[in-house]
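Peer 1:
Residue numbers (the numbering used here): 4 to 262.
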C-alpha cells in the first residue's frame, strides 16, 4: 500500500490506523536477504583488494576475512532465491554456510596470536567447539525440534567455551603477549563473540517450538520463521563483516606503527 493511500484511509476514517496491518514481515525478510547478499559481496571485494595494501604478516588474516564474506555471499545468493521462490526458511543452506564460515572466524584468533606462540591445539579446540555449537543447533532447529531446548543448551555450552577461551583462556593470554594492538583487537573480537553471536540464540528461540524454555514468543509458526530469518540475517552481516573490519583495522594500525 502506498503512503498516499494510507493517508487517505486515515483522513476518511478520522481515526488512527493500525500500521501493523500494512507491515508484511515476509517482505522485510526478503529485503534482509537481498541486503545481506549485497553487503557480503561488497565486503569480500573490499577485503580482497585491501589485502595487498597491508603488511605481509596480516595478508592471510585478511584473506580469511574475505573468504568468510565471500562464502556467505554465495550462500546468501541461493538463500535469497530459495526464500523468494518458496517463502520458506533456507535453514539447510544457512547451516552449511555457518559450518564453513564460523570455524574460519575462529581461525582468525589463531592467526593473529600465532606470533605470540599459539599452537595448533588451540586452533583445533576452537574449530571443534564451533562445529559442536553448530551441529547441536542444527539438530534442535530441524531434526529434533521437540527437544530444541536441550539441543540449544548443548549448543550454548560450546558457545560459552569459545567465549571463555577468548575472554580468559589461551587466546586472551596469547593476545597480551602479542602486543597492545593485537590485545586491543582480540578484546573487540571478544565483544563480537559475546554480544554479536548472542543474536543467534534469539533467532533460535523465535524459530523453534521450545521457545524460551517452553514459552513460545511468536505463536504463528510462519511469522516465527520469518522473524528468525531477519534476526539471523542481521546477525550474519554484523558479525561476519564486523569481524573482518576489526582484522583490517589491526593490519592498518600495525602498518602505521611500523612506518
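Glycine included, C-beta positions come from ideal geometry on N, C-alpha and C. For clarity, every value in this text was computed on a predicted model and none was experimentally measured.
Would residue 89 pass as a contact of residue 141 if the rule is Cβ separation under 9 Å?
Peer 2: Stepping through the chain shown from its first residue, residue 89 is reached at position 86. Stepping through the chain shown from its first residue, residue 141 is reached at position 138. Going by C-beta atoms, residue 89 is not nearer than 9 Å to residue 141.
Peer 1: Taking three-plus beta-carbon pairs below 8 Å as touching, is the region 226–244 in contact with the region 37–52?
Peer 2: Yes, they touch.
Peer 1: Buried or exposed for residue 251, going by 16 or more other Cβ atoms inside 10 Å?
Peer 2: Numbered from 1 along the chain shown, position 248 holds the residue referred to as residue 251. Buried: at least 16 other Cβ atoms inside 10 Å.
Peer 1: What residue range is occupied by the uninterrupted alpha helix (DSSP H) comprising residue 174?
Peer 2: Numbered from 1 along the chain shown, position 171 holds the residue referred to as residue 174. Run containing residue 174: 173–180, per the alpha helix (DSSP H) assignment.
Peer 1: For residue 224, name the three-state secondary structure that DSSP assigns.
Peer 2: Residue 224 sits at position 221 when you count from the first residue of the chain shown. The answer is helix: DSSP assigns residue 224 an H, G or I state.
Peer 1: Kindly indicate which three-state DSSP category residue 26 falls into: helix, strand or coil?
Peer 2: Position 23 of the chain shown, counting from 1, holds the residue named residue 26. Note that residue 26 scores 46 on pLDDT, short of 50, meaning its location in the model is unreliable and no value can be drawn from it.
Peer 1: Going by DSSP in three states, residue 188 sits in which element: helix, strand or coil?
Peer 2: The residue labelled residue 188 in the question sits at position 185 within the chain shown. Reduced to three states, the DSSP call for residue 188 is helix.
Peer 1: Does residue 58 come out as helix, strand or coil in the three-state DSSP assignment?
Peer 2: For the purposes of this step, residue 58 is taken as residue 55 along the chain shown, with counting starting at 1. Three-state DSSP puts residue 58 in coil, outside helix and strand.
Peer 1: Use the C-beta contact count for residue 15: other C-beta atoms within 10 angstroms, 16 or more gives buried, fewer gives exposed.
Peer 2: The residue you call residue 15 lines up with position 12 of the chain shown. Note on residue 15: pLDDT 48, under 50, position unreliable in the model; the coordinate value appears next. Exposed, since its Cβ has fewer than 16 Cβ neighbours within 10 Å.
Peer 1: Assuming the contact rule is C-beta atoms closer than 8 Å, residue 116 and residue 71 should be a hit. Round their C-beta distance to whole Å, please.
Peer 2: Within the chain shown, residue 116 is the residue found at index 113, counting from 1. Within the chain shown, residue 71 is the residue found at index 68, counting from 1. Actually they do not touch by this definition, with Cβ atoms about 18 Å apart.
Peer 1: Going by the CB atoms, is the gap between residue 201 and residue 188 shorter than 9 Å?
Peer 2: For the purposes of this step, residue 188 is taken as residue 185 along the chain shown, with counting starting at 1. For the purposes of this step, residue 201 is taken as residue 198 along the chain shown, with counting starting at 1. No; because the gap between Cβ atoms is not below 9 Å, this pair is not in contact.
Peer 1: Looking only at its chain, what residues have a beta carbon closer than 6 Å to the beta carbon of residue 69, apart from the 5 residues adjacent to it on each side?
Peer 2: Counting from one through the chain shown, the residue named residue 69 turns up at place 66. Cβ within range, chain order: 47, 50 and 51.
Peer 1: Just mark residue 234 as buried or exposed, buried being the case when its beta carbon has 16 or more other beta carbons within 10 Å.
Peer 2: The sequence position of residue 234 within the chain shown is 231, counting from 1. Buried, by the Cβ-count rule.
Peer 1: Just checking my contact of residue 151 with residue 139 at CB under 8 Å: how many whole Å lie between their CB atoms?
Peer 2: Counting from 1 along the chain shown, the entry for residue 151 is found at position 148. Counting from 1 along the chain shown, the entry for residue 139 is found at position 136. 10 Å between Cβ atoms; not a contact.
Peer 1: Going by DSSP, what residue range makes up the alpha helix (DSSP H) through residue 132?
Peer 2: Sequence index remark: in the chain shown, residue 132 carries index 129 (1-based). Unbroken alpha helix (DSSP H) run through residue 132: 123–141.
Peer 1: Measure the alpha-carbon distance for residue 153 versus residue 134 and round it to whole angstroms.
Peer 2: Reading the chain shown from its first residue, position 150 is the one you call residue 153. Reading the chain shown from its first residue, position 131 is the one you call residue 134. Whole-angstrom Cα-Cα distance: 17 Å.
Peer 1: Need the endpoints of the alpha helix (DSSP H) that residue 201 sits in, please.
Peer 2: Locating residue 201 in the chain shown gives position 198, where the first residue counts as 1. Taken as a continuous stretch (DSSP letters only), residue 201 belongs to no alpha helix (DSSP H), as it is neither H nor E.
Peer 1: Shortest alpha-carbon distance to residue 225 belongs to which of 210, 237 and 114?
Peer 2: If you number the chain shown from 1, residue 225 lands on position 222. Answer by Cα proximity: 210.
Peer 1: Secondary structure at residue 183, three-state DSSP: helix, strand or coil?
Peer 2: Position 180 of the chain shown holds residue 183. Reduced to three states, the DSSP call for residue 183 is helix.
Peer 1: Please name the residue in 108, 162, 161 and 191 whose C-alpha comes closest to that of residue 175.
Peer 2: Sequence index remark: in the chain shown, residue 175 carries index 172 (1-based). Residue 175 has its Cα closest to that of 191, out of 108, 162, 161 and 191.
Peer 1: Could you tell me how far apart the beta carbons of residue 206 and residue 231 are, in whole angstroms, since I believe they sit closer than 8 Å?
Peer 2: As a first step, residue 206 is located in the chain shown; it is residue number 203 there, counting from the start. As a first step, residue 231 is located in the chain shown; it is residue number 228 there, counting from the start. Confirmed, about 4 Å.
Peer 1: Beta-carbon separation of residue 181 and residue 122 under 9 Å?
Peer 2: Sequence index remark: in the chain shown, residue 181 carries index 178 (1-based). Sequence index remark: in the chain shown, residue 122 carries index 119 (1-based). No. Outside cutoff.
Peer 1: Pick out whichever of 78, 57, 82 and 65 has its Cα sitting closest to the Cα of residue 33.
Peer 2: Sequence index remark: in the chain shown, residue 33 carries index 30 (1-based). Comparing Cα positions, the closest option is 82.
Peer 1: Keeping to the same chain, check which residues put their C-beta closer than 8 Å to that of residue 54; ignore five residues upstream and five downstream.
Peer 2: As a position in the chain shown, residue 54 is number 51, starting the count at 1. Hits under 8 Å: 62, 65, 66 and 69.
Peer 1: When you compare the CB positions of residue 229 and residue 31, do they come within less than 9 Å of one another, or not?
Peer 2: For the purposes of this step, residue 229 is taken as the residue at position 226 of the chain shown. For the purposes of this step, residue 31 is taken as the residue at position 28 of the chain shown. In this structure, residue 31 lies closer than 9 Å to residue 229 by Cβ.
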